[in-house]
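S.K.:
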Amino acid sequence: MKMIRGYPDYMRESIERVERTRAERLKTPYPPMSLAEREVLLHRFHPDFREEQKRPIAFGPSRGLKVNHELANVIESHPLVPSTLNLSQVDYQVDVLIIGGGGAGTVAAIWAVQEGIHPEKVLIATKLRHGDSNSTMAQGGIQAADRENDSPLIHYLDAMGGGHFTNKPELVQALVSDAPRIIKWHESLGVMYDKDEAGNFVENPGGGTSRKRLHSAKDYTGLEIMRVVRDESRNLSVPVIEFAPAVELLMDERGQVAGAVLLNLETKEYVVVRAKATILATGGFGRLHMQGFPTTNHYGATGDGLVLAYHVGAELVDLDSVQYHPTGAAFPPQIAGLLITEKVRGMGATPVNADGELFVYPLEPRDVESSAFIRECYDREKGVITPTGMRGVWLDAPMIDMIHGEGAIREALPAMWRMYERFGIDMTRDPILVFPTLHYQNGGIAIDVDGATTVPGLFVGGEASGGVHGKNRLMGNSLLDFNVFGMRAGISAARYARQVEVGHLSLAHVDRYEELLKDAGIVTDRTSPVLLPEYRGKEALERQLDVLI
Amino acid sequence: MDIKYYPGCTVKTSARNYEASAIAALRYLGVELSELEQWNCCGVVHTLSTDDLMKQLAPIRVLKHVEQCEEREEVVTLCDMCYNTLSQANRLVKDDPAKLKTVNTFMECDDSHGGYTGTVRVVHLLQVLRDTIGFQAIKKKVKYPLRGMKVFPYYGCMLLRPGEVGIDTPEDPTIIGDLMRALGAEVIDDPVKIECCGSHHTVGDRSIVFERIERIIGRARSKGAEAVVLSCPLCRFNLDTRQQEDRTIELPLPVFYYTQLMGVAFGLDEAVLGLNEHRIDPRPLLREIGYQKKGEYGRITT
Amino acid sequence: MTIHVHEQVHRPRVSDQGFDARTPKVRIYLMGKEYQVPNVLTIMAAIEYAGYRLVRGCGCRAGFCGACSTIYRKTDDYKLYSALACQTLVEEGMYLVQIPFVPAVKSLYDMEEITLTDNVILRYYPEIARCVSCNTCTRSCPQGIRVMDYIQASLRGNIARAAHLSFDCIQCGLCSSRCPADIKHYHVGQLVRRVYETRIAPKSPHLARRIEELDSGVYDEEMNRLMTSSLSELKQRYESRKIEPVSED
Ligand SMILES: Cc1cc2nc3c(=O)[nH]c(=O)nc-3n(C[C@H](O)[C@H](O)[C@H](O)COP(=O)(O)OP(=O)(O)OC[C@H]3O[C@@H](n4cnc5c(N)ncnc54)[C@H](O)[C@@H]3O)c2cc1C
Ligand code: SF4
Ligand code: SF4
Ligand code: FES
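Each protein sequence line maps, in turn, to chains V, Z and G. So in the working numbering, the last spot in the first sequence is 563, and the numbers never skip. So in the working numbering, the last spot in the second sequence is 584, and the numbers never skip. So in the working numbering, the last spot in the third sequence is 266, and the numbers never skip.
1) Can you tell me which of the three DSSP states residue 24 of chain G falls into?
2) Closest to residue 257 of chain G by CA distance: which of V:535, V:196, V:47 is it?
3) Between the Cα of residue 463 of chain V and the Cα atoms of V:482, V:303, V:534, V:456, which residue gives the shortest distance?
4) Would you verify that the beta carbon of residue 585 of chain Z is, or is not, closer than 8 Å to some beta carbon of chain G?
5) Given a cut-off of 8 Å, decide if residue 436 of chain Z and residue 326 of chain Z are closer than it, judged by their beta-carbon atoms.
6) In the DSSP assignment, the beta strand (DSSP E) including residue 497 of chain V goes from what residue to what residue?
7) Can the beta-carbon of residue 304 of chain Z be found closer than 8 Å to that of residue 311 of chain Z?
8) Which word fits residue 351 of chain Z, buried or exposed, when buried means at least 16 other C-beta atoms lie within 10 angstroms of its C-beta?
9) Excluding the five sequence neighbours on either side, which residues of its own chain have a C-beta within less than 8 Å of the C-beta of residue 496 of chain Z, listed in chain order?
10) Return the CA-CA distance between residue 158 of chain G and residue 152 of chain G, expressed in angstroms with no decimal places.
11) Please compile the residues from chain G whose C-beta is within a distance smaller than 8 Å of the C-beta of residue 296 of chain Z.
12) In the DSSP assignment, what are the bridge partners of residue 157 of chain V?
13) Between which two residues does the beta strand (DSSP E) containing residue 323 of chain V stretch?
14) At a cut-off of 7 Å, is residue 106 of chain G close to ligand 4 when judged by its beta-carbon and the heavy atoms of the ligand?
15) Can you tell me whether residue 298 of chain Z is helix, strand or coil according to DSSP?
16) Quick check on residue 113 of chain G - is its C-beta less than 8 Å from some C-beta in chain Z?
17) Please check if any C-beta of chain Z sits within less than 8 Å of the C-beta of residue 149 of chain G.
18) Does the Cβ of residue 512 of chain V have 16 or more other Cβ atoms within 10 Å, making it buried, or fewer, making it exposed?
19) Can you give the Cα-Cα distance for residue 502 of chain Z and residue 475 of chain Z, rounded to whole angstroms?
20) May I have the straight-line CA-CA distance separating residue 384 of chain Z from residue 188 of chain G, to the nearest angstrom?
21) Give me the chain A residues within the contact set of residue 175 of chain G, using Cβ-Cβ distance strictly less than 8 Å, ordered along the chain.
22) Among the residues of its own chain, which have a CB less than 8 Å from the CB of residue 13 of chain V, if the five just before and after it don't count?
23) Helix, strand or coil: which one does DSSP assign to residue 405 of chain V?
24) Would you verify that the beta carbon of residue 323 of chain Z is, or is not, closer than 8 Å to some beta carbon of chain G?
25) Once the 5 residues before and after residue 434 of chain V are set aside, which same chain residues still bring their CB inside 6 Å of it?
26) Along the beta strand (DSSP E) that carries residue 173 of chain V, what are the first and last residues, could you check?
27) Can you grab the Cα-Cα spacing for the pair residue 52 of chain G / residue 44 of chain G, in whole Å?
28) Rounded to whole angstroms, what is the Cα-Cα separation between residue 419 of chain Z and residue 551 of chain Z?
29) Which residues bound the beta strand (DSSP E) around residue 59 of chain V?
30) Near residue 566 of chain V, what residues of its chain come up, given a Cβ to Cβ distance below 7 Å and the 5 sequence neighbours on each side ignored?
31) Given a threshold of 16 other Cβ atoms within 10 Å of its Cβ, counted over all protein chains shown, does residue 59 of chain V qualify as buried or as exposed?
32) Starting from residue 359 of chain Z, trace the beta strand (DSSP E) both ways and give me its first and last residue.
33) Our contact map puts residue 271 of chain V next to residue 263 of chain V with C-beta atoms below 8 Å; I'd like the distance itself, whole angstroms only.
34) Can you pull the chain G residues whose beta carbon is under 8 Å from the beta carbon of residue 343 of chain Z, in chain order?
35) Here's a check: name, in chain order, each residue in its chain whose Cβ is nearer than 6 Å to the Cβ of residue 579 of chain V, leaving out the five neighbours to either side.
36) Quick one: which residues of the stretch 65–90 of chain G get their C-beta closer than 8 Å to a C-beta of chain V? List them in chain order.
Have a look at this one:
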């Protein structure tokens, strides 16, 4: 196949059609859809509405919630550890145990210390390295209504509408009201948001936002926030155990969560942590690959927190919806599914089909935008088909430099530019091919405004929680979420830890869970949490011998 | 005239007033000093050893940049230490093509592909004043001669030794003195002008520095000097900061960079010259000779 | 006690990676051992294809986290290359090893107590003065950052320059694994950026005003009304929002 600047020649022909309509598209915007139009589109094309891909959860407090089979499978699985596990040796005894060293977990640790817990009495246990998380990967930005033409009220409306009015109002209120304070906190820690010379943030719009409200740090926003909060937590000397995922929560005889069993991924030893309060900050579930979709998520995003929480009887909400980000890379195959930040559209690039036609308002909420892309590719058959058979629509990146001046892409989107450049494509000259990718776990473990669950001693912050975004999260609201609810969970866990007494450690809930499985008639050899996805080569796996060495 | 200069780390940190006064004084003389686009620390002379080529990378990288990227034949330094380091490294590779080749190969280039070929001249700003502009020309531009001011030019080591890179007679240099005369000052001379100020011992063992400066300041004062004038930021640190800390020196002498005194004689602003950044305040002395912040003494904004 | 964590029948394989049985293969060497892998794979996918289960050396899989630092040589030249395994295609004859961890001690500091002086970075990382300008760090950076230049800028107290030059650092540690002067570049960069933002960058003017408004409760009443309004009312307000145009800069 002849390749010209990163694309096979037949794709080049389509690119030429895109180039021909560019001038016109720069002038004439495409109108947004009405709520009614959105409904119709979603029902026909959004993966959440593919009934055959889903089933109701069979038991437990969220029984009946219709989720993707991939998620139902990990919920309807045997716990990894038996109730008979010897807990007599307690390896760590702490006030606040934080499970997950991403954004929410690290923010929670800092605020637990601020709230008066000695750093030595806080422990972060995380699956991979401290900071290997979805937080580090966030590119586009974080919302906060701080400009004059904006207000927390408008932010509230945007978030509710984006979530189809299914969000919990008090959680959204907390989210939007804390937002400016979080940005202020970041400023005082030294997060380098993009600013002009007078100190005004450079703010962009995002899908579903009615104001420019997105604060970004080039397209490394999550990385920048994560590395600063991590640096701060290191300065506070908060202990962290890496490569030690939680495989089960611990409870005491009074039914309070009282710590967790961790697994040392290298030695396979288990570790017992006794804690007065426990925070789940395990993030999302992209690596479960709902409906076989590729994902933007990091390697450890396997929804473990949902499983652990369900084992102890916490409620799961809104997991019937999953967020597919409209712009995952569709070409080249090496980066298929990786995220193309919404900031690319925020800065003016429009989606176009194989014939160079604009077919949707570029900044609809994500579920709507994704559905429109799916319709374009699979219903109207106007997508571009890649050499490996993937379909996608163009995202006309060169428009950005035309709108904001030459160099804008290199300056504001260095990560995107670098990713394509590594595979021979120059996005300042050519459009890039995109298709929806599995991005975000909209729902999760039900929490209140303090990050508390219905199970005493168990707190949740960040993507693992549910209710904040309802059935669809808006861009920039989850970086905000992990800060707001990481902070709130950290503070409330610290307060709770000060007044609680923990009894005997127990895994009796594991037996109860096995009972539930049995009663629901589920016969399986599956176990969960999954911890890591399986990507080993089929060829190699088929010839593997299961030998103990 | 436009001159590319290499500032060096010290000039960018503790000797900003040297840089600022140099830029202002030269601008007054119609010369624009512009900083190299890109530069790294010179490596600092005390780490130089001719057999460890790793230590030569820093200065040669600077010279390569001047030659290959900025396409210049000359680079001007302000700091004596940088001058010495760059000059010595330059000499080393000019005299020894094999070494130059090794350094270039390490930097992944060779003399036909972006490597250093040895054409750059390293020049101290004092040399520019003496040889390119000329002290006579400078004298003509003086607005307010430093009449009656008794200054002691101090040279130290780096401008003079080793002789191959020295900018003046090692035993009896006169370059700063000649400049001062052109500005109208009275020059006090003494052989201690070429003695070491204690240099880097200022970090490890201050007592060595105290001993040195007591001798230097003592000799200068006994001959009637009212101020010291010099060109090296490290000597300035030892003679100014350490002098002030030295309890045995009762009547400390203020210490100037030559560029500051040029500025005074040209009537430039006190703020531009950074006269407030000294440990031993030189302003009372300047008031005595009639220099004011602004106003009577004339004012030229840069 | 044996727990079979990995026996998961239901786990999906990553979707289409763009190869099939006909895809040409290249030979690579993982820690010296030869494997044949499809030539369209990234180094990371190739390691997995060969049958390794990654625990270390894999984080974001997208070039953002620096977990997959890899060094390699090629049979036909003398150089030691470095790369991110998740962002680099395999090539014939690569000899690879992953370096998923580079020990680098971080200085502890209280941001509030740091004063902006020319030597602020030197105080916490004195070893930056040992830099010999060999440029090895810059050559090993998979992000293409001018690492030496940000170290040099830190050394001479040019905080703003160092902060901007180092901004794209994903803290992979490759530079620090190779520096002859034992410098911990990415920690230096971290400190420099925090100092820049807290001490040099101008503060946002409207942020403080908004927080004051929030603190004084100006939005409370209206917020309450929104929170308690009926679905149809809310929808109506949502639909009548004015949308700020994109290009109005
Ligand atoms: C590519 C990408 C781009 C994004 N862009 C944006 C954006 O521009 N704006 C925005 O607002 N949001 C964005 N998001 C979403 C946002 O980044 C995340 O939702 C948010 O950072 C989640 O934070 P968290 O702390 O809850 O989870 P994470 O940051 O994912 O942290 C969870 C941590 O828990 C660990 N963990 C998991 N299981 C276990 C276990 N069993 N035991 C111990 N530890 C465990 C994980 O390894 C991880 O370190 C993006 C997400 C992705 C993937
Ligand atoms: S590798 Fe170390 S010594 Fe070499 S240039 Fe970089 S920081 Fe300096
Ligand atoms: S500067 Fe160093 S740590 Fe940062 S990305 Fe480059 S090589 Fe990695
Ligand atoms: S796995 Fe994160 S950079 Fe490669």
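Glycine included, C-beta positions come from ideal geometry on N, C-alpha and C. Remember, it's a predicted structure, so these values are computed and weren't measured experimentally.
M.R.: So, to answer that:
1) Confidence at residue 24 of chain G is low in this model, with a pLDDT of 34, below 50, so its placement is unreliable and no value can be given for it.
2) V:47
3) V:482
4) Since the displayed chain Z opens at 283 and closes at 584, residue 585 of chain Z lies outside it and no answer follows.
5) no
6) That residue, residue 497 of chain V, is in no beta strand (DSSP E); its alpha helix (DSSP H) goes 491–513.
7) no
8) exposed
9) 528, 530, 531
10) 10 Å
11) 135
12) V:228
13) Here residue 323 of chain V belongs to no beta strand (DSSP E); instead the alpha helix (DSSP H) covers 318–325.
14) no
15) helix
16) no
17) yes
18) exposed
19) 9 Å
20) 31 Å
21) Here the protein chains are V, Z and G, and chain A is not one of them.
22) In the structure as shown, chain V begins at 15 and stops at 563. Residue 13 of chain V is therefore absent and cannot be evaluated.
23) strand
24) yes
25) 441
26) Run containing residue 173 of chain V: none in the beta strand (DSSP E); it sits in the alpha helix (DSSP H), 166–176.
27) 6 Å
28) 22 Å
29) Unbroken run through residue 59 of chain V is the alpha helix (DSSP H), 49–59; no beta strand (DSSP E).
30) The shown model of chain V, from 15 to 563, leaves out residue 566 of chain V, and the question about it has no answer.
31) buried
32) 356–359
33) 5 Å
34) 150, 152
35) Here chain V covers residues 15 to 563 and nothing more, so residue 579 of chain V does not appear.
36) 65, 66, 67, 68, 69, 70, 71, 72, 73, 75, 76, 77, 78, 79, 80, 81, 82, 84
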